[in-house]
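Accompanying notes for the structure given below.
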Amino acid sequence: MAPRLDSRARRRAIVDAALPLFARKGFAATTTKEIAQAAGVSEGLIFKHFPSKASLYEAIFLSCIDGDPEYERLIALPPGTATLVQMIQGLVGYFVMEVPADPNERARQRLSIISLLEDGEFMRQVYEGIRSRFLPCFTASIDAAIADGDLVPGPIDAESGLWLAEHLCEMMATVCLSGGTVVPYSCGRPELARRTAWFILRGLGLRDEAIAEQERCGHLVFVPPPPPPEGGPRNDESTPERAE
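As structure tokens, this is what we get:
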């Protein structure tokens, strides 16, 4: 007999089962009956953990943040230049390194695109969740970097900077949804991630000397992920445009 899952594990199993269904069919076309069958539970149990299909949809997006030890570590850091750089590294690392290499993360990204092609309401909820979780620490670190002379204030406020950085990285993940990329980048993914982080940090107003110092301190390091299964895309190689 299979071991009985506790409440947290059962909730995670439902989220994991719903993700590929939503990514393939979209929110409106996916039924709770299909989700229940995929998760091996009853529809009633789904609603015990998630009051509505919408709340399950939102949980899929936020499951990569809530309970993540790296997220918990970042928001526990004292505001400052180092924290700002590490937050950008985390954002870039996820979208530019992790999503292209992981089929499950690509499914999550595909789901976000589908939701935006529908009425966008659920991504609006997700963005509000991101805003409430990250913006306070992000803003405090911007202010601290200004006070330390590491960042030159410009026309971009902290919240706009966060969204512009997120949108850039999200689009970079979107062009890899096929498992490859349609953009002929001139370098492998670790170097591409590094350049992306520099681009964002410069755009936020961080001085080149401050970025270079954080890089020397090890706060801006992108390590190639483990090699993908045979035949899958490699993230340590250049990314030529895919042939049609």
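Quick note on this note's numbering: the sequence shown kicks off at 6 and runs consecutively. For every residue, glycine included, the Cβ atom is placed at its ideal position computed from N, Cα and C.
Could you check if residue i is buried or exposed, using at least 16 other CB atoms within 10 Å of its CB as the buried criterion?
i	result
Met92	buried
Leu122	exposed
Ala215	buried
Pro105	buried
Arg194	buried
Ala152	exposed
Arg207	exposed
Met176	exposed
Arg111	buried
Gly125	exposed
Gly159	exposed
Arg16	buried
Thr244	Caution applies to Thr244, whose pLDDT of 47 falls short of 50 and renders its modelled position unreliable; the value that the coordinates give is listed next. Buried.
Gly98	buried
Ala150	buried
Is the CB-CB distance between residue i and residue j below 8 Å?
i	j	result
Ile40	Leu116	no
Val101	Leu169	no
Thr201	Cys174	yes
Phe171	Gln130	Note on residue identity: the sequence assigns Glu, not Phe, to residue 171. No, Cβ-Cβ distance for Glu171 and Gln130 is not below 8 Å.
Arg212	Leu140	no
Ala22	Gln114	no
Phe32	Phe127	yes
Tell me the residue span of the alpha helix (DSSP H) that contains residue i.
i	result
Ser137	126–152
Arg212	From DSSP, Arg212 is part of no alpha helix (DSSP H); its letter is neither H nor E.
Met92	86–97
Ser120	108–122
Ala34	Note, Ala34: premise wrong, no alpha helix (DSSP H); not H, not E.
Thr179	163–179
Leu67	58–67
Glu75	74–81
Phe52	48–54
Taking the alpha carbon of residue i as the point to measure from, which residue in the options has its own alpha carbon closest?
i	options	result
Phe143	Ala112, Met176, Leu96, Ile118	Leu96
Leu209	Leu173, Gly166, Asp148, Glu133	Gly166
Arg29	Glu175, Tyr190, Ile147, Asn109	Asn109
Arg136	Gly31, Leu67, Gly98	Leu67
Thr35	Arg13, Ile119, Arg15, His54	Ile119
Ile147	Ala87, Tyr76, Ile19	Ala87
Ile51	Ser12, Asp162, Tyr190, Leu79	Ser12
Val90	Asp124, Pro189, Ala145, Glu103	Ala145
Tell me, please, whether the CB atom of residue i is closer than 8 Å to any CB atom in chain B?
i	result
Thr179	The structure shown contains no chain B; it is built from a single protein chain.
Got a sec: does the ligand GTP put a non-hydrogen atom nearer than 7 Å to the Cβ of residue i?
i	result
Pro83	With respect to small molecules bound, the structure shown includes none, and the ligand GTP cannot be examined in it.
Query - Stretch-stretch touch, CB-based, cutoff 8 Å, three pairs: the stretch 182–197 with the stretch 44–60 - result: no
Query raised in the report: Is the stretch 42–51 touching the stretch 83–92 in the sense that three or more CB pairs, one from each, lie closer than 8 Å?
Result: no
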